[in-house]
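Residue numbers (the working numbering): 1053 to 1399.
Ideal placement from N, C-alpha and C gives every residue a C-beta, glycine not left out.
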Ligand SMILES: [Zn+2]
């Protein structure tokens, strides 16, 4: 079992908070994963929902459950940050010991950390809005939605039918679900799909030296924005971790491949975003490309994870999301970031 802990620093409101994701293939552990994600999100993003359904797999009909948390269900637009929480099934030993630390325990942990860190800032933005102090009304109409997909992995070989069970179900459901109680002034009929401003998917992350490419030209600006967040954090020395000579402002390398080094933009990697692409949703796919060497092997366990890398991802996601949603961290928050810790353990 691989457990990823995201532990916040001393300035934290709830110092005992930990995000734990346990990975394994047994039903009981699947239940535990869902429970831990849901329990963590419930007091933060209050509107958590389970989206359960059945689908036919090569091993018969199986039950799946996506987990969705929405800060403000009445908001007219949503930015979705997502990852899958299932681990790939292998029928026989020793492959059935596969855990999937980068695929996708670590990305799930990043999202839980983000929810916990940004929740007070989202509340403060809402208060500014109610007090008439929010300048950018357009941005203020966008809320944060986190989606944890079940059934991303194929049970056997990846095919259109044997893969991304949760994403296919949710995209189809949202396409046929009219929006209710929306604050939007746009005439109906709108569906839940129409509410998605951007869909951002994280996968195969947490190991050292990932290479992230821009996959879609219409979200190239969003790719540049997340790369810019990383650059500014590096320049301000936030990537120095323990060894002051490592990842200093002058000595670091980006996770993001500059777009002028890519001849063609392509969205060719199949993942949970595909059903949403087909419905015209704008996508940012944050995935290591080429795939990590540990991909779908027993080596994708805790030993594949790199603490400074995961710490960097947490910082990047916080800054990127704050800027996207026009959240204003208090000055003390900057100091808090310096105190952040991130650790993982095997149990
Ligand atoms: Zn996988």
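Contact belief for residue i with residue j at Cβ below 8 Å, rounded distance in angstroms
i, j, result
"residue 1325", "residue 1140", "Actually they are not in contact, since the Cβ atoms of residue 1325 and residue 1140 sit about 18 Å apart, beyond 8 Å."
"residue 1156", "residue 1264", "Actually they are not in contact, since the Cβ atoms of residue 1156 and residue 1264 sit about 15 Å apart, beyond 8 Å."
"residue 1115", "residue 1104", "7 Å"
"residue 1400", "residue 1131", "Lying outside 1053 to 1399, the shown extent of the chain, residue 1400 is not represented and no answer is given."
"residue 1290", "residue 1306", "Not really, about 14 Å apart at Cβ, beyond 8 Å."
"residue 1452", "residue 1162", "No statement about residue 1452 is possible, as the shown extent of the chain runs from 1053 to 1399 and does not include it."
"residue 1277", "residue 1193", "Residue 1277 to residue 1193, Cβ: 19 Å. No contact."
"residue 1415", "residue 1266", "For residue 1415 there is no data in the structure shown, the boundaries of the chain being 1053 and 1399."
"residue 1226", "residue 1244", "4 Å"
"residue 1093", "residue 1121", "4 Å"
"residue 1379", "residue 1181", "Incorrect: roughly 12 Å between the Cβ atoms, too far for contact."
"residue 1016", "residue 1377", "No answer is possible for residue 1016: it lies beyond the span of the chain, which begins at 1053 and ends at 1399."
"residue 1207", "residue 1108", "Their Cβ separation, rounded to whole angstroms, is 10 Å, which puts residue 1207 and residue 1108 out of contact at 8 Å."
"residue 1381", "residue 1173", "6 Å"
Assigned exposure category for residue i - 16 Cβ within 10 Å defines buried
i, result
"residue 1111", "exposed"
"residue 1248", "buried"
"residue 1175", "exposed"
"residue 1209", "exposed"
"residue 1322", "exposed"
"residue 1117", "buried"
"residue 1364", "buried"
"residue 1219", "buried"
"residue 1197", "buried"
"residue 1195", "buried"
"residue 1203", "buried"
"residue 1261", "exposed"
"residue 1313", "exposed"
"residue 1167", "buried"
"residue 1185", "exposed"
"residue 1298", "exposed"
"residue 1370", "buried"
"residue 1113", "exposed"
"residue 1187", "exposed"
"residue 1301", "exposed"
"residue 1212", "exposed"
"residue 1075", "Because residue 1075 carries a pLDDT of 45, less than 50, the predicted location of this residue cannot be relied on, and the following value inherits that uncertainty. Classification for residue 1075: buried."
"residue 1143", "exposed"
Best match in the options for proximity to residue i [C-alpha to C-alpha]
i, options, result
"residue 1287", "1151, 1258 and 1303", "1303"
"residue 1336", "1271, 1297 and 1134", "1271"
"residue 1351", "1148, 1297, 1204 and 1373", "1148"
"residue 1259", "1165, 1360 and 1216", "1360"
"residue 1331", "1214, 1262 and 1250", "1250"
"residue 1414", "1183, 1180 and 1133", "Nothing can be reported for residue 1414, as the shown portion of the chain is limited to 1053 through 1399."
"residue 1199", "1308, 1293, 1362 and 1222", "1222"
"residue 1275", "1373, 1345, 1256 and 1299", "1373"
"residue 1368", "1213, 1285, 1344 and 1183", "1285"
"residue 1154", "1377, 1355 and 1126", "1355"
"residue 1280", "1257, 1308 and 1301", "1308"
"residue 1252", "1380, 1124 and 1135", "1135"
"residue 1231", "1344, 1127 and 1382", "1127"
"residue 1343", "1212, 1242 and 1257", "1257"
"residue 1179", "1213, 1142 and 1124", "1124"
"residue 1119", "1160, 1224 and 1183", "1160"
"residue 1106", "1172, 1329, 1381 and 1216", "1216"
"residue 1102", "1201, 1338 and 1143", "1201"
"residue 1329", "1224, 1143 and 1144", "1224"
"residue 1293", "1213, 1362, 1211 and 1144", "1362"
Identity of the residues DSSP links to residue i by a beta bridge
i, result
"residue 1107", "1114"
"residue 1272", "Looking at the DSSP assignment, residue 1272 forms no beta bridge with any residue, so it has no partner."
"residue 1136", "1201"
"residue 1278", "In the DSSP output, where bridge partners are listed per residue, residue 1278 has none listed."
"residue 1129", "1194"
"residue 1354", "Per DSSP, none; premise fails for residue 1354."
"residue 1119", "1102 and 1200"
"residue 1264", "1308 and 1340"
Worksheet entry | Those runs of the beta strand (DSSP E) which lie wholly inside the stretch 1221 to 1260 and span at least 3 residues | DSSP runs (the beta strand (DSSP E)) wholly in the stretch 1221 to 1260: 1248 to 1255.
For this session: Entirely within the stretch 1160 to 1224 and at least 4 residues each: give me those alpha helix (DSSP H) ranges in chain order.
Result: Counting only runs of 4 or more, we get 1189 to 1192.
Exercise. What are the complete alpha helix (DSSP H) segments, minimum 4 residues, inside the stretch 1282 to 1346?
Worked result: 1326 to 1329
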